[in-house]
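Working notes for the structure below.
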Amino acid sequence: MSEPRGPNPPEDDQPSGLVYLFDLVSSAGAVVAVGLLLFAISGVWPPLVAIESGSMEPHIDTGDLVFVMDEDRFAGEGAYADTGVVPANRGADTGYTSFQNDGDVIVFQPDGDGATTPVIHRAMFWVNESENWYDKADPAYINADSCEELRNCPADSAGFVTKGDNNSGYDQVNGLPSCGPGACDPVRKSWVVGTAETRVPLLGNIRLQLQRALA
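Take the sequence shown: its position 186, counting from 1, is numbered 186 in UniProt numbering, and each next residue is one higher.
In structure tokens:
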């Protein structure tokens, strides 16, 4: 007759350290895979940018996460020359819109300075070098009666005149903090990072908080 056995020891239902490590690696791999997929689609790295200001409200809000695509991919109808960008004045003619207004919203490096935070504003129209562009401008966005009273007129170089949807004037007239003491130069094609395609509300706040924590 066998001796009675005691109660079975409780099973350890806690995940082992190996399982935790596997979950961590799997999650990191999934994030990398999604990032590479977005890069393959957009042609831009990073393909997602977090919005830090309200200059594009109400169409793009602070804290939004915006998907950016290389401007030469899937250029819209009315793109200017070989830039891949549809400025607002051409979008009005062709019916091309982005973020509820005419023309493309572009991400660009102000004055070509890669060390500054990129700006996301709408391309309004293209100007050529030495062009008097006063007649192209919307009077609501300038405080001048002639080209001589406008900054950057005539244009020192060819490029896009840009504007935040929530701003009172053009970047090339009123300036931006990232452009230094003067107004921004017209945005050359080589300064364009890409075109904004879609946004995810509020998700950019996570990235912004991480950036602040690591700063």
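Cβ atoms here follow ideal geometry from the backbone N, Cα and C, with glycine treated the same way.
Should residue i be labelled buried (16 or more other beta-carbon atoms within 10 Å of its own) or exposed?
i      : result
Pro58  : exposed
Glu77  : exposed
Val19  : exposed
Leu150 : buried
Ile206 : exposed
Arg199 : buried
Glu71  : buried
Thr117 : exposed
Leu65  : buried
Phe74  : exposed
Asn152 : buried
Leu40  : The residue you asked about is not Leu; residue 40 is Ala in the sequence shown. Exposed: under 16 other Cβ atoms inside 10 Å.
Trp45  : exposed
Gly164 : buried
Gln109 : buried
Ala79  : buried
If I'm right that residue i touches residue j with Cβ under 8 Å, what's the distance once you round it to whole angstroms?
i      : j      : result
Val161 : Val127 : 6 Å
Phe67  : Leu48  : 6 Å
Tyr141 : Tyr170 : 5 Å
Pro186 : Ser168 : So it is not a contact: roughly 19 Å between Cβ atoms.
Asn132 : Met56  : Between Met56 and Asn132 the Cβ distance is about 29 Å, and since that is not below 8 Å, they are no contact.
Ala183 : Val173 : 6 Å
Met69  : Gly194 : 5 Å
Ser190 : Ala155 : Contact doesn't hold; Cβ gap of about 16 Å is too wide.
Per DSSP, residue i forms a beta bridge with which residues?
i           : result
Ser98       : Asn101
Val200      : Leu65
Arg122      : Val105 and Lys163
Gly169      : For Gly169, which the question treats as bridged, DSSP gives no partner whatsoever.
Val187      : Phe160
residue 226 : Residue 226 is absent from the structure shown; the chain starts at 1 and stops at 215.
Val127      : Gly159
Validate contact between the region 104–124 and the region 170–180 using beta carbons, cut 8 Å, 3 pairs: yes
Contact the region 100–108 vs the region 84–91: 3+ CB pairs below 8 Å: yes
Segments of 4+ residues assigned as alpha helix (DSSP H) that fall wholly inside the region 36–119: 88–94
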